[in-house]
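Quick mapping for you: the protein sequence lines, in order, are chains A and B. Quick note: the first sequence uses UniProt numbering, first residue 1, plus one each step. Quick note: the second sequence uses UniProt numbering, first residue 1, plus one each step. As structure tokens, the structure follows; a few thoughts come after it.
Protein chains: 2
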Amino acid sequence: MAQKPSIPKGTRDFKPIEVAKRNYIFDVVKKHFQTFGFQPIETPSFENSETLLGKYGDEGDRLIFKILNSGDYLSKVDEQTFNSRDSNSLTYKISEKALRYDLTVPFARYVVMHQNEIDFPFKRYQIQPVWRADRPQKGRFREFYQCDADVVGSYSLLQEVELIQLYDAVFTDLKLEGVTIKLNNRKILAGIAEVIGAKENFIDFTVALDKLDKIGEDGVRKEMLDKGISGSAFERAAPLLALGGSNLDQLSVLSGILKDSEEGIKGVRELSFIISTLEELGLQSANLKVDVTLARGLNYYTGAIIEVAGPKNVAMGSIGGGGRYDDLTGVFGLKDVSGVGISFGLDRIYLVLEELDLFPDAIDRSLEVLCVNFGEKEALAALKLIYQLRKSGIKSDLYPSSAKMQKQMKYANNRNVPYVVLIGEKELKDDSFVVKNMEKGSQKTYDLANVKAFIEDL
Amino acid sequence: MAQKPSIPKGTRDFKPIEVAKRNYIFDVVKKHFQTFGFQPIETPSFENSETLLGKYGDEGDRLIFKILNSGDYLSKVDEQTFNSRDSNSLTYKISEKALRYDLTVPFARYVVMHQNEIDFPFKRYQIQPVWRADRPQKGRFREFYQCDADVVGSYSLLQEVELIQLYDAVFTDLKLEGVTIKLNNRKILAGIAEVIGAKENFIDFTVALDKLDKIGEDGVRKEMLDKGISGSAFERAAPLLALGGSNLDQLSVLSGILKDSEEGIKGVRELSFIISTLEELGLQSANLKVDVTLARGLNYYTGAIIEVAGPKNVAMGSIGGGGRYDDLTGVFGLKDVSGVGISFGLDRIYLVLEELDLFPDAIDRSLEVLCVNFGEKEALAALKLIYQLRKSGIKSDLYPSSAKMQKQMKYANNRNVPYVVLIGEKELKDDSFVVKNMEKGSQKTYDLANVKAFIEDL
Numbered sequence: 001m002a003q004k005p006s007i008p009k010g011t012r013d014f015k016p017i018e019v020a021k022r023n024y025i026f027d028v029v030k031k032h033f034q035t036f037g038f039q040p041i042e043t044p045s046f047e048n049s050e051t052l053l054g055k056y057g058d059e060g061d062r063l064i065f066k067i068l069n070s071g072d073y074l075s076k077v078d079e080q081t082f083n084s085r086d087s088n089s090l091t092y093k094i095s096e097k098a099l100r101y102d103l104t105v106p107f108a109r110y111v112v113m114h115q116n117e118i119d120f121p122f123k124r125y126q127i128q129p130v131w132r133a134d135r136p137q138k139g140r141f142r143e144f145y146q147c148d149a150d151v152v153g154s155y156s157l158l159q160e161v162e163l164i165q166l167y168d169a170v171f172t173d174l175k176l177e178g179v180t181i182k183l184n185n186r187k188i189l190a191g192i193a194e195v196i197g198a199k200e201n202f203i204d205f206t207v208a209l210d211k212l213d214k215i216g217e218d219g220v221r222k223e224m225l226d227k228g229i230s231g232s233a234f235e236r237a238a239p240l241l242a243l244g245g246s247n248l249d250q251l252s253v254l255s256g257i258l259k260d261s262e263e264g265i266k267g268v269r270e271l272s273f274i275i276s277t278l279e280e281l282g283l284q285s286a287n288l289k290v291d292v293t294l295a296r297g298l299n300y301y302t303g304a305i306i307e308v309a310g311p312k313n314v315a316m317g318s319i320g321g322g323g324r325y326d327d328l329t330g331v332f333g334l335k336d337v338s339g340v341g342i343s344f345g346l347d348r349i350y351l352v353l354e355e356l357d358l359f360p361d362a363i364d365r366s367l368e369v370l371c372v373n374f375g376e377k378e379a380l381a382a383l384k385l386i387y388q389l390r391k392s393g394i395k396s397d398l399y400p401s402s403a404k405m406q407k408q409m410k411y412a413n414n415r416n417v418p419y420v421v422l423i424g425e426k427e428l429k430d431d432s433f434v435v436k437n438m439e440k441g442s443q444k445t446y447d448l449a450n451v452k453a454f455i456e457d458l
Numbered sequence: 001m002a003q004k005p006s007i008p009k010g011t012r013d014f015k016p017i018e019v020a021k022r023n024y025i026f027d028v029v030k031k032h033f034q035t036f037g038f039q040p041i042e043t044p045s046f047e048n049s050e051t052l053l054g055k056y057g058d059e060g061d062r063l064i065f066k067i068l069n070s071g072d073y074l075s076k077v078d079e080q081t082f083n084s085r086d087s088n089s090l091t092y093k094i095s096e097k098a099l100r101y102d103l104t105v106p107f108a109r110y111v112v113m114h115q116n117e118i119d120f121p122f123k124r125y126q127i128q129p130v131w132r133a134d135r136p137q138k139g140r141f142r143e144f145y146q147c148d149a150d151v152v153g154s155y156s157l158l159q160e161v162e163l164i165q166l167y168d169a170v171f172t173d174l175k176l177e178g179v180t181i182k183l184n185n186r187k188i189l190a191g192i193a194e195v196i197g198a199k200e201n202f203i204d205f206t207v208a209l210d211k212l213d214k215i216g217e218d219g220v221r222k223e224m225l226d227k228g229i230s231g232s233a234f235e236r237a238a239p240l241l242a243l244g245g246s247n248l249d250q251l252s253v254l255s256g257i258l259k260d261s262e263e264g265i266k267g268v269r270e271l272s273f274i275i276s277t278l279e280e281l282g283l284q285s286a287n288l289k290v291d292v293t294l295a296r297g298l299n300y301y302t303g304a305i306i307e308v309a310g311p312k313n314v315a316m317g318s319i320g321g322g323g324r325y326d327d328l329t330g331v332f333g334l335k336d337v338s339g340v341g342i343s344f345g346l347d348r349i350y351l352v353l354e355e356l357d358l359f360p361d362a363i364d365r366s367l368e369v370l371c372v373n374f375g376e377k378e379a380l381a382a383l384k385l386i387y388q389l390r391k392s393g394i395k396s397d398l399y400p401s402s403a404k405m406q407k408q409m410k411y412a413n414n415r416n417v418p419y420v421v422l423i424g425e426k427e428l429k430d431d432s433f434v435v436k437n438m439e440k441g442s443q444k445t446y447d448l449a450n451v452k453a454f455i456e457d458l
């Protein structure tokens, strides 16, 4: 009868301490989203299938979780489809809804549906789970949170400037200092492809370039040759791989290389504006670095490309990324709406904070005061005390039964409670209570009629 | 090409102001959950089907959203099942996961899976969405949040006392005063059925009794007769329908009526303890009321039954409910773990706060300061000012382009911004900025080198 319970692979239960740590990150991010003028929206967990399918490529379509129609769903399947016994064709007949795969497509759908009530430029943030039927592996889950801030309806490069300031504000507040914010621009990549004569192979060129970190210059050359990019084109691009010096130095070299590409020069100008404005304003703790090899989801971005790498002493992929995409809502029928946004990689940020021991000390303090239970009358006195503590916002509790002292103290220890209150027979007679400081081992007696004195000591 | 986008029926997009109002409620509830010593957990959105199916009755099973297996799911279906073309049998072959239907079953599953790392009694809260394939109607959605606090591993009636205090604390903090917390006990219901000779028809008896509010005494009599409960049994129960006086008076009458039912007397004792303890401790704004007709999900509860009704001037069903269930985890193989918990009905609480205009005035204040954009140089000065404001936690922003003044002011009005900052050519020369108070229409000039003065005035 009894089942041995389990959860689906790739999903997670979060224990209290894990929820507390995750909420700590969310709360810091949200606080800064709000001071930067972003507003929250939420969209349904599932969308109509046609909203999602076809937006993420074939592989994406496969990874979208589909929801089975309710009731006698087979009654609506025609003979031919049923008899073909083909999972793919059947899916479209028995499933009309699918779980959210990211936050960007639902956001685009939201903007189009609510365009008449939105005051553009619209700065929205959204922190919700998404689901992907990916093969689970270390650090990759089938359910995970995305945490996005986007601005739609403004072509101003000041948005890029602000989004980078936002990264800096959040990571500084999280005490995660020394992150590197890498910047590029799709127009620069296009310009490079143009001047080295690899315009036809633009995608292959940038995909290879993007791997420089991982496969080195030789690897990049080999991959380009394999994809039909000429050796001479690669030689012309080679100086780019070794670009050094300050950001402004690099941009000045780029200007020279790209002087014959109108698009390339436009990209350099955009990037220069963003970087010089940020140098004028200053960043608190993040480093800003031009990286002409950065491509990310290239078919998506049209302008700035942004990626955040953790501090040098931590081996972790990117902990955030984003960019500008000039046609966010076109697929839903609203043209010429430019979007630019960034995303925070919650799970990786969590791991980095854990590794560097950056979570606040008190994060596991789910209970500040525990009253020992010595019996019915004593418990009632304790409840009166607790009532006052809770009204002052102090996390406090009574052990629910008059179990052995040892058991109650063990519970207090396990929950990492800093103060244990004792109201026994003697204290009840004296109208007093004893507070035991669990860290120091000291104790102090207070007057039950003057709980304030204890609250002030806390 | 372009789709006209929509969302699935029974689901909702939440606009910024709606998210802000919902979060206001969640934050108040969470704050009190925490001061009462509850700890948060989160469970996956989907569970293995066998965890959920069979736990909510046949109707529940039908209303659970099932997720289609990924890949070529039909390849695993045997000939016979496929050829029977029966949706029900096919479902079990092509779907292994299902969306969470409530928070209680996943919580029970969690407790069993994590029993060795939990310090009992375990006080957990959980605020997550659930999904039900119910027919959508006014106020009923296919995706909605549940908000539960439960204690497992303690038989102490002090838990019931605390949970009622918790309701009182939350509703008082929400300024929703005058809610009525109704209390009953399943053992009292069983005792009544026993003494009037309707023990065999216990469920029918209580289901009818539970409808007293809606169908009146005559309706209850008719339903009981229809279900085979004798007229004389009903006559013996009738005094209960008219029970009046104080809570303790009612309990005293009940003691008399139930004197020959051991179970009934036990129920009266439990209820008396809870009520007298609460009278000793006092409640801030809620009313406490014995209601022997209260049954709720009766097959579930084994002790206390709790339900909260909104203030008398608002027509709204219950805004919260809960009770004790003595075998929470048995179905997953862990016996003798008692649970007691309560739930907050977010959507209804939202409607009540809206109707009574109880949301805080500043809840739509998503931006406190907007700087007008007069051009590139002026914008840079404004960004420097904004940088300081944001560091002080003030929600502030620059209009992203130097659009016409009228357009920028319209945006400020639409976003309900209280302060608009002007840095034009003149101010730039003077190193000053002008703050316009949008409510009063007044304005004041500050020194750009002394932003603090403005922050202090805010």
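Even glycine gets a Cβ: it sits at the ideal position worked out from N, Cα and C.
Beta-carbon separation (whole angstroms), residue i vs residue j, contact threshold 8 Å
{"i": "I319 (chain A)", "j": "G345 (chain A)", "result": "5 Å"}
{"i": "Q128 (chain A)", "j": "E42 (chain A)", "result": "6 Å"}
{"i": "V111 (chain A)", "j": "V152 (chain A)", "result": "6 Å"}
{"i": "V195 (chain A)", "j": "G264 (chain A)", "result": "7 Å"}
{"i": "G178 (chain B)", "j": "N287 (chain B)", "result": "7 Å"}
{"i": "D119 (chain A)", "j": "Y411 (chain B)", "result": "6 Å"}
{"i": "R109 (chain B)", "j": "P5 (chain A)", "result": "4 Å"}
{"i": "L428 (chain B)", "j": "K377 (chain B)", "result": "6 Å"}
{"i": "I349 (chain A)", "j": "G322 (chain A)", "result": "Rounded, the Cβ-Cβ distance is 15 Å, inconsistent with contact."}
{"i": "N437 (chain B)", "j": "Q443 (chain B)", "result": "7 Å"}
Whether residue i touches residue j by CB criterion (9 Å)
{"i": "V352 (chain B)", "j": "P418 (chain B)", "result": "no"}
{"i": "R132 (chain B)", "j": "R124 (chain B)", "result": "no"}
{"i": "Y399 (chain B)", "j": "V434 (chain B)", "result": "no"}
{"i": "E368 (chain B)", "j": "K395 (chain B)", "result": "yes"}
{"i": "P106 (chain B)", "j": "K9 (chain B)", "result": "no"}
{"i": "A295 (chain A)", "j": "V207 (chain A)", "result": "yes"}
{"i": "V28 (chain A)", "j": "P40 (chain B)", "result": "no"}
{"i": "Y167 (chain A)", "j": "V314 (chain A)", "result": "no"}
{"i": "K97 (chain B)", "j": "N48 (chain B)", "result": "yes"}
{"i": "G303 (chain B)", "j": "D327 (chain B)", "result": "no"}
{"i": "residue 488 (chain B)", "j": "Y56 (chain B)", "result": "Given that chain B is displayed from residue 1 to residue 458, the structure contains no residue 488 (chain B) and the question cannot be resolved."}
{"i": "G197 (chain B)", "j": "S232 (chain B)", "result": "yes"}
Segment limits, beta strand (DSSP E) that includes residue i
{"i": "A98 (chain A)", "result": "95-99"}
{"i": "A149 (chain B)", "result": "143-152"}
{"i": "R12 (chain A)", "result": "From DSSP, R12 (chain A) is part of no beta strand (DSSP E); its letter is neither H nor E."}
{"i": "E307 (chain A)", "result": "304-309"}
{"i": "N287 (chain A)", "result": "287-290"}
{"i": "P129 (chain A)", "result": "122-131"}
Residue i Cβ short of 8 Å to the ligand HEM heavy atom set
{"i": "A198 (chain A)", "result": "Summarising the ligand content, the structure contains no ligands, and the ligand HEM is consequently not present."}
Run of the alpha helix (DSSP H) containing residue i, from where it starts to where it stops
{"i": "T180 (chain B)", "result": "Unbroken run through T180 (chain B) is the beta strand (DSSP E), 180-185; no alpha helix (DSSP H)."}
{"i": "S276 (chain B)", "result": "262-281"}
{"i": "residue 473 (chain A)", "result": "Any answer about residue 473 (chain A) is impossible in this case: the structure gives chain A only from 1 up to 458."}
Can you give, in chain order, each stretch of the beta strand (DSSP E) that sits fully within the stretch 30-110 of chain B and has at least 3 residues? Counting whole runs of 3 or more residues, the stretch 30-110 of chain B contains the beta strand (DSSP E) stretches 46-48, 66-68, 95-99.
Chain-ordered residues of the stretch 402-436 of chain B with a beta carbon less than 8 Å from chain A: For the stretch 402-436 of chain B, which is checked against every Cβ of chain A, the residues closer than 8 Å are Y411, N414, R415.
Mind listing which residues of the stretch 93-112 of chain A have their C-beta closer than 8 Å to chain B's C-betas, in chain order? Against chain B - using a Cβ distance shorter than 8 Å - the residues of the stretch 93-112 of chain A are I94, S95, E96, K97, L99, R109, Y110, V112.
Which of the residues in the stretch 338-367 of chain B, read from start to end, lie with their CB under 8 Å from any CB of chain A? Against chain A - using a Cβ distance shorter than 8 Å - the residues of the stretch 338-367 of chain B are S366, L367.
Contained beta strand (DSSP E) runs [length at least 3] in the stretch 405-451 of chain B, N- to C-terminal order: For the stretch 405-451 of chain B, whole beta strand (DSSP E) runs of length 3 or above, ordered along the chain, are 419-422, 432-437, 443-447.
Note down, in chain order, all residues in the stretch 4-16 of chain A with a beta-carbon under 7 Å from any beta-carbon belonging to chain B. Answer in chain order: K4, P5, S6, I7, P8, T11, R12, D13, F14, K15, P16.
According to a CB-to-CB cut-off of less than 9 Å, which residues of the stretch 227-249 of chain A neighbour chain B? Correct list: empty, as no residue qualifies.
Contacting positions in the stretch 166-192 of chain B - beta carbon closer than 8 Å to chain A: Under the 8 Å Cβ criterion, the stretch 166-192 of chain B contributes A169.
Counting only Cβ-Cβ distances shorter than 7 Å, please list the residues of the stretch 367-383 of chain B near chain A, keeping chain order. Correct list: L367, A379, L380, L383.
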